[in-house]
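Reading through the structure tokens given below for one structure.
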Amino acid sequence: MKIYKSRIPIIAADVARALIDAEAVEVAEEQKSLFIQDIADVLTSYIETERKIHEEAQDLIANRNVDFSSLGRFKRELAKKCNFGLGDDAIDWLTDHIIDMLYHTENVEEIWADNPQIRKISREVLYRHTQIDDDLDAEVRAKIKNLSEGSVAWDVRYQQVLAELRRRKGL
Numbered sequence: 044m045k046i047y048k049s050r051i052p053i054i055a056a057d058v059a060r061a062l063i064d065a066e067a068v069e070v071a072e073e074q075k076s077l078f079i080q081d082i083a084d085v086l087t088s089y090i091e092t093e094r095k096i097h098e099e100a101q102d103l104i105a106n107r108n109v110d111f112s113s114l115g116r117f118k119r120e121l122a123k124k125c126n127f128g129l130g131d132d133a134i135d136w137l138t139d140h141i142i143d144m145l146y147h148t149e150n151v152e153e154i155w156a157d158n159p160q161i162r163k164i165s166r167e168v169l170y171r172h173t174q175i176d177d178d179l180d181a182e183v184r185a186k187i188k189n190l191s192e193g194s195v196a197w198d199v200r201y202q203q204v205l206a207e208l209r210r211r212k213g214l
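Residues 44 to 214, numbered by this note's numbering, are exactly what the sequence shown covers, in order.
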């Protein structure tokens with residue numbers, strides 16, 4: 044799962060809109076932009092923490108002279124130690140932090156839904172927005188299906204087409 048920094052305002056606005064439309068929370072009209080910013084702050088915090096874990100894992104690999112293929116294992120260990128969600132656990136981490144934010148922000152007047160309802164509403168929106176990578180992968184594979192997967196030519200062309208699609212979609 045990947046959250047692109049350029050998509051944070053869109054994702055935050057969608058989560059806020061979904062929570063308000065479902066009457067899970069009550070937010071005054073003049074507080075809506077601040078409420079959206081609160082959600083954006085949670086998403087930004089996720090990206091920054093993920094980046095720090097990635098950098099720490101790279102440092103560990105460099106210091107221990109371990110093969111770079113161990114990066115994922117080191118990232119999972121660091122994430123577990125920090126109680127951080129990577130991969131499939133990321134949406135759970137984000138929904139938990141959104142719920143925490145709801146109880147601590149001054150921009151929400153009232154919380155009408157219980158935590159499982161808020162989690163479900165937030166999860167659906169986050170899941171929809173984080174499926175972009177899977178959709179991109181399928182689109183890239185469809186465009187390069189004439190190449191043999193695993194070959195050097197396939198790897199190079201995959202990265203080229205992926206970069207082009209990301210650029211076109213503003214990711």
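Yeah, the Cβ is synthetic: ideal placement off N, Cα and C, and Gly gets one too.
Given the structure is predicted, the values throughout are model-derived calculations rather than measurements.
Taking contact to mean 3 or more Cβ pairs, one atom from each stretch, closer than 8 Å, check whether the stretch 68-77 and the stretch 90-104 are in contact. Judged by Cβ distances under 8 Å, the stretch 68-77 makes no contact with the stretch 90-104, as fewer than three pairs qualify.
I'd like to know if the stretch 57-68 and the stretch 162-172 are in contact, where contact means that at least 3 CB-CB pairs between them fall below 8 Å. yes
Give the straight-line distance between the Cα atoms of L169 and L179, rounded to the nearest whole angstrom. 17 Å
For V85, the first and last residue of its enclosing alpha helix (DSSP H): Its alpha helix (DSSP H) spans residues K75 to R107.
Range of the contiguous alpha helix (DSSP H) that encloses L15: What the structure shows of the chain is the stretch from 44 to 214, and residue 15 is not part of that stretch, so it cannot be assessed.
If we call anything under 8 Å between Cβ atoms a contact, is E152 one with E73? no
Where R119 and P52 are concerned, what is the direct C-alpha to C-alpha distance, given to the nearest angstrom? 28 Å
Do T148 and D57 have their beta-carbon atoms positioned less than 8 Å apart in this structure? Contact: no.
For H140, the nearest candidate out of M44, A83 and L214 (CA to CA): Selected option, being the one with the closest Cα: A83.
Return helix, strand or coil for I46, following the three-state DSSP convention. DSSP places I46 in coil when its eight states are reduced to three.
Counterpart residues of V68 in DSSP-defined beta bridges: Answer by DSSP bridge pairing, in chain order: I154.
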